[in-house]
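**Student:** Attaching a single structure in structure tokens format; questions to follow.
There are 2 protein chains.
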Amino acid sequence: MSFSLSGKSIIGFGRGVGVEAAYSGVNPLTGKTLEPVYVGALESEVARAGDLAASAFLSYSVLSPRKRAGFLRAVAMHIEALGGDLVERMMAETALASGRVEGERARTCGQLRMFADLIEDGSWADVRIETARPDRAPLPKPDMRSMLIPSGPVVVFCAGNFPLAFSVAGGDVASALAAGCPVIVNAHSGHPGTAELVGLAVVAAARETGMPEGVFSLLYGADYGVGQALVRHPAVRGVGFTGSRAGGTALMAVAAARPVPIPVYAEMSSVNPIFILPHALRERWGAIATGLHGAVTGGAGQFCTKPGVIFVTAGKEADQFVAKLGALINETPSCAMLNAGIAANYAQRRSRLGSMVTVQVVAEGGDQQAGVFLTTARAWRKNALLHEEVFGPSTLVVLCENDADLLLSAEALEGQLTATVHAEAADGDVARALVPVFARKAGRVIHNGFPTGLEVCHATVHGGPFPATSDGRTTSVGTSSITRWARAVCFQNMPATLLPAELQDGNPRKIWRMVNGERTPLPLV
Amino acid sequence: MSFSLSGKSIIGFGRGVGVEAAYSGVNPLTGKTLEPVYVGALESEVARAGDLAASAFLSYSVLSPRKRAGFLRAVAMHIEALGGDLVERMMAETALASGRVEGERARTCGQLRMFADLIEDGSWADVRIETARPDRAPLPKPDMRSMLIPSGPVVVFCAGNFPLAFSVAGGDVASALAAGCPVIVNAHSGHPGTAELVGLAVVAAARETGMPEGVFSLLYGADYGVGQALVRHPAVRGVGFTGSRAGGTALMAVAAARPVPIPVYAEMSSVNPIFILPHALRERWGAIATGLHGAVTGGAGQFCTKPGVIFVTAGKEADQFVAKLGALINETPSCAMLNAGIAANYAQRRSRLGSMVTVQVVAEGGDQQAGVFLTTARAWRKNALLHEEVFGPSTLVVLCENDADLLLSAEALEGQLTATVHAEAADGDVARALVPVFARKAGRVIHNGFPTGLEVCHATVHGGPFPATSDGRTTSVGTSSITRWARAVCFQNMPATLLPAELQDGNPRKIWRMVNGERTPLPLV
């Protein structure tokens, strides 16, 4: 490896010294510890990262979007320049295959460039202009101009299951940097070396493009203390998190208890229900079982969109469907999980599921890793434990008695990231009843597909009502996610010399604006 | 009065019986109790209002915008039909003058019609469509279509200082009903009769336009119990509040402690700083004093945008300015406050201010009601008590030593609804330094004006960082406020028959949509 790792936090353009609690990366395939040792940031280093971010915010937040876009593109280039070193380290730390690592790297760099394009375009700022009418009676109308501006420094927690696309330079970091917010990243203990390599790439890009020190820091912590201290730093104005429900709700409590409470965008848990309606089951049970098997076992089931519960109407086709899914699961080769903690948690939840009296074990895979379980809708609705996410390659098939049972079960769902219906034209009535329920329960509603493999675009919604996320109003993926780090400000009767370019009469940014109620990219004068 | 008042809660289309703790309206001018007695809602009535709202949400949330708009317009008409009865009752309960009552009624009905127009137009839903590319490599691109949908039933607390425009059919209620969310209103003890009259108008409009029962309820409570129980109801998905910081933060805690936490939009307190830069002070000290006097004493200073702290550079002009402002305040006739609670709180805060050793009393009005106080920037920055809102007709002038002192003071501000700068061209450098600080601190930044008299339009931002509000990401006034009651949902590969009209190829709603990155009101095919 040509890039050397130090095991220290990155604080602004410098490195931490932290000598307290420490940990190392571990190869999940061999159980062997990887060099170097990662030392947790000191309290003083947390404070310094926050103070640097506060200071960087003053200049970074008003930097031209073109310069911020240049920074984002430089981050992507520096990540790509890590080449095989990054692939090798991430494979060693996570047991993920090279194809997955390379695909995730492509997505990560693609996201950075997508946000660079978005802010260069500039129309995301939702500019609204109402021009003055001094002669209006009884009162003159003032000139009012509003736009979205960055809200302040942001703390982002790396996700265990996306060491690149949701970590040091992942979705939340890219959208926050694009919005104009400095970011402090809290590394995940599952892939500290991957984090350091990407962190160094971000710092190199920041230096190269002349960004202020403090626009980015990366802190290690051997326990929750560093992350919680970051969320408590007075300069911080928002938090991004992807992980467990316990972790997310703990951060929500810390953020709400601050003297100045701040929003937490935590993506926490989802069972991503799939409803297979009777005609779809009859006509496509085999193909659906095959597709579902791929969605349940891909990435060892460690996706937040993995389908965890499948509703079908009991009968001959349901039996065939369950038998085929079970057979496919039984043939699934074992696959190492991301780390020992996830593996242990999965084993515990999977074994709890299998031991319930109302649950039948359909298949357990060659080495009891993957799993298909079976229960009835009545039992599922009665037992809240059956609604909980089992993070790993297993799924629960729920047998319903009829259409009414399917609908009752849909109403009993908690908030979800996704909800899917498989339907043929002849299933129309049930589908038409289900889709509005799904829209109330989930962030993304899918027809005749599977929820894994999320498309990253302008229309993406990766969010959903609690407990899928802490804040169902926004998305963590796609261009819309930039608004979670922004808030609107209105300028009243402000002369042009004091207005941001986005709000000036001539429309120098050439963006779409709402002017006196009409949408237009044209200048006012 | 031709409309008779019963003193009972309105629950769906029926009336409550609540026989527990009770209260009455009081005429602040005479101290006399007004008929009838208002009885607090029972626990069972709170539950029923929530259940009815949950049930109404199922049909109301998918009702055509045209029908919802018809309901909003009918509400406005029924409020207008209350005629003199409403004016008379509100004057008796609040001591507000008829002109103010009529103006507020016009604003209230104007807001209802503005939201009716907004949802008929339909473009607010932020539709984003990305069409499928089945031949894309390595993976086909799915069809993705997103839009904003209503989030669920909402609880709105009436504001003491806006018995119409921020109460039973005020801003938050109009925007929530427009978004597609049923509303349960918690009445304010300061104007229960006004609330009942408007509540009856809303119910009449709902019946007339065929809205589902539960789309609206109005609950009375003699203490905080009823409001907090409403916030705890499992069906509720959002809360709107305008009032004190103590009240707002209490509701934030209740909402965060729910099994499913929900957002609270609380507008709480703001001192609305005004910075008068040296050249503006020299050239316009007299005119600014006159304008400021109007902004401080209008409505007896009971506006959330009342200027509570004025920064000027010490010197001859500052002395003249303070003397003139003091003289105007001394000439100000006494004006009854909205209710005994507000009056007592004002007297207490005003007297605390006047008794501080670093504060000088400049003027106290004829009967010691209005007030101008004076301190130094150094003293102001040291004493957090001087940063607190004094709700009523008083203001604090802060003497700065120089431009640096002005800027330091701006940085020391908490979050505000508004921040104002008075500047001449020659003040350019200081103004250019101040405006970005104001943008960080406030929701609305005003140049050479006063913050009272908010314009209600597309560009309005009535919000701001904590503690001005609990959630600085949204506004409570203007068309943008509708988004606080909405969240995005994405439909993937959904056939046209299962898509909302807003997302269909033909664009039957003829709205502005983002299609494959381009903004257009045209159909796709």
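So the protein lines, in turn, are chains A and B.
Going by the numbering used here, the first residue of the first sequence is number 1, and it counts up by one from there.
Going by the numbering used here, the first residue of the second sequence is number 526, and it counts up by one from there.
Note that beta-carbon positions come from the ideal geometry of N, C-alpha and C, so glycine has one too.
Identify, in the order they occur along the chain, each residue of the same chain with its Cβ nearer than 7 Å to the Cβ of D748/B, setting aside the five sequence neighbours on each side.
**Tutor:** A546
**Student:** Taking the straight line between their C-alpha atoms, what separation do you get for R638/B and E1043/B?
**Tutor:** 30 Å
**Student:** Using a beta-carbon distance below 8 Å, is L983/B in contact with chain A?
**Tutor:** Checking the displayed sequence, the identity of residue 983/B turns out to be His instead of Leu. Yes, its Cβ sits closer than 8 Å to a Cβ of chain A.
**Student:** Assign A865/B to one of two classes, buried (16 or more other C-beta atoms within 10 Å of its C-beta) or exposed (fewer than that).
**Tutor:** exposed
**Student:** Could you tell me which chain A residues have their CB closer than 7 Å to the CB of T1000/B, listed as they occur along the chain?
**Tutor:** A488
**Student:** Check the Cβ of Q1029/B against every Cβ in chain A and list those closer than 9 Å, keeping chain order.
**Tutor:** At a beta-carbon threshold of 9 Å, none of the residues of chain A lie near Q1029/B; the nearest stands roughly 14 Å away.
**Student:** Figure out for me which residue from D646/B, T1008/B, V751/B has the closest Cα to the Cα of G543/B.
**Tutor:** V751/B
**Student:** Could you tell me the distance, in whole angstroms, from the CA atom of A74/A to the CA atom of R66/A?
**Tutor:** 12 Å
**Student:** Could you tell me which residues DSSP pairs with I184/A in its beta bridges?
**Tutor:** V155/A, S217/A
**Student:** For the region 760 to 808 of chain B, which segments carrying the alpha helix (DSSP H) assignment without a break, of at least 4 residues, lie completely within its bounds, in sequence order?
**Tutor:** 770 to 781
**Student:** Between S146/A and chain B, is any beta-carbon pair separated by less than 8 Å?
**Tutor:** yes
**Student:** Please work out which residues of its chain come closer than 7 Å, Cβ to Cβ, to A318/A, disregarding the five sequence neighbours upstream and downstream, and give them in chain order.
**Tutor:** L281, V312, L399
**Student:** Is there a C-beta anywhere in chain B that falls below 8 Å from the one on L498/A?
**Tutor:** yes
**Student:** Closer than 8 Å by C-beta to V359/A: which residues in its own chain qualify, once you throw out the five before and the five after it? Chain order, please.
**Tutor:** L353, F373, L374, T375, A379, L386, L396
**Student:** Are H972/B and V946/B touching if we call contact CB-CB under 8 Å?
**Tutor:** yes
**Student:** Give me the subset of the region 68 to 95 of chain A whose CB atoms are less than 9 Å from a CB atom of chain B, sorted by chain position.
**Tutor:** none
**Student:** Could you tell me whether the Cβ atoms of F3/A and L82/A are closer together than 8 Å?
**Tutor:** yes
**Student:** At 4 residues or longer, what runs of the alpha helix (DSSP H) sit wholly inside the region 916 to 984 of chain B?
**Tutor:** Under the rule that a run must span 4 or more residues, the alpha helix (DSSP H) segments found entirely inside the region 916 to 984 of chain B read 928 to 936, 953 to 966.
**Student:** Does any residue of chain B have a CB that is nearer than 8 Å to the CB of R444/A?
**Tutor:** Look at R444/A: its C-beta is under 8 Å from a C-beta on chain B.
**Student:** First and last residue of the alpha helix (DSSP H) that includes P561/B?
**Tutor:** Element bounds for P561/B: not the alpha helix (DSSP H) but the beta strand (DSSP E), 558 to 564.
**Student:** May I have the straight-line CA-CA distance separating Q416/A from G170/A, to the nearest angstrom?
**Tutor:** 22 Å
**Student:** Mind reading off the beta-carbon distance from S61/A to G160/A? Whole number of angstroms is fine, and I expect it under 8 Å.
**Tutor:** Rounded, the Cβ-Cβ distance is 31 Å, inconsistent with contact.
**Student:** Identify the continuous beta strand (DSSP E) that holds T313/A and give its terminal residues.
**Tutor:** 309 to 313
**Student:** What three-state label does DSSP hand T479/A in the structure shown?
**Tutor:** helix
**Student:** Can you give me the C-alpha to C-alpha distance between V679/B and A69/A, rounded to a whole angstrom?
**Tutor:** Spanning the two alpha carbons is a distance of roughly 39 Å.
**Student:** Excluding sequence positions up to five away, which residues of its chain have a Cβ less than 7 Å from the Cβ of P150/A?
**Tutor:** Excluding five sequence positions before and after P150/A, the CB atoms of its chain that fall closer than 7 Å to its own CB belong to S61, A179, G180, C181, W485, A486, given in chain order.
**Student:** Would you mind sorting S876/B into buried or exposed? The rule is 16 or more other CB atoms within 10 Å of its CB.
**Tutor:** Counting Cβ neighbours within 10 Å, S876/B comes out exposed, since fewer than 16 surround it.
**Student:** What did DSSP end up calling G543/B once you bin it into helix, strand or coil?
**Tutor:** coil
**Student:** Would you kindly report the start and end of the unbroken beta strand (DSSP E) that includes M147/A?
**Tutor:** In the DSSP annotation of this structure, the continuous segment of the beta strand (DSSP E) that includes M147/A starts and ends at 144 to 150.
**Student:** Determine which residues share a DSSP beta bridge with C1015/B and list them.
**Tutor:** R444/A, S671/B
**Student:** Relative to the C-alpha of L292/A, which residue among S270/A, G315/A, L328/A is closest?
**Tutor:** L328/A
**Student:** For L512/B, report the span of its alpha helix (DSSP H) as first-last.
**Tutor:** Outside the shown range of chain B (526 to 1050) lies residue 512/B, about which nothing can therefore be said.
**Student:** Can you pull the chain D neighbours of I119/A, defined as C-beta to C-beta under 9 Å?
**Tutor:** No chain D is part of this structure, whose protein chains are labelled A and B.
**Student:** Count the C-beta pairs between the region 284 to 299 of chain A and the region 441 to 459 of chain A that are closer than 8 Å, then say yes if the count reaches three, no if not.
**Tutor:** yes
**Student:** Does I674/B have its Cβ less than 8 Å from a Cβ in chain A?
**Tutor:** yes
**Student:** For the region 44 to 62 of chain A, which residues have a beta carbon sitting closer than 9 Å to at least one beta carbon of chain B?
**Tutor:** F57, L58, S61, V62
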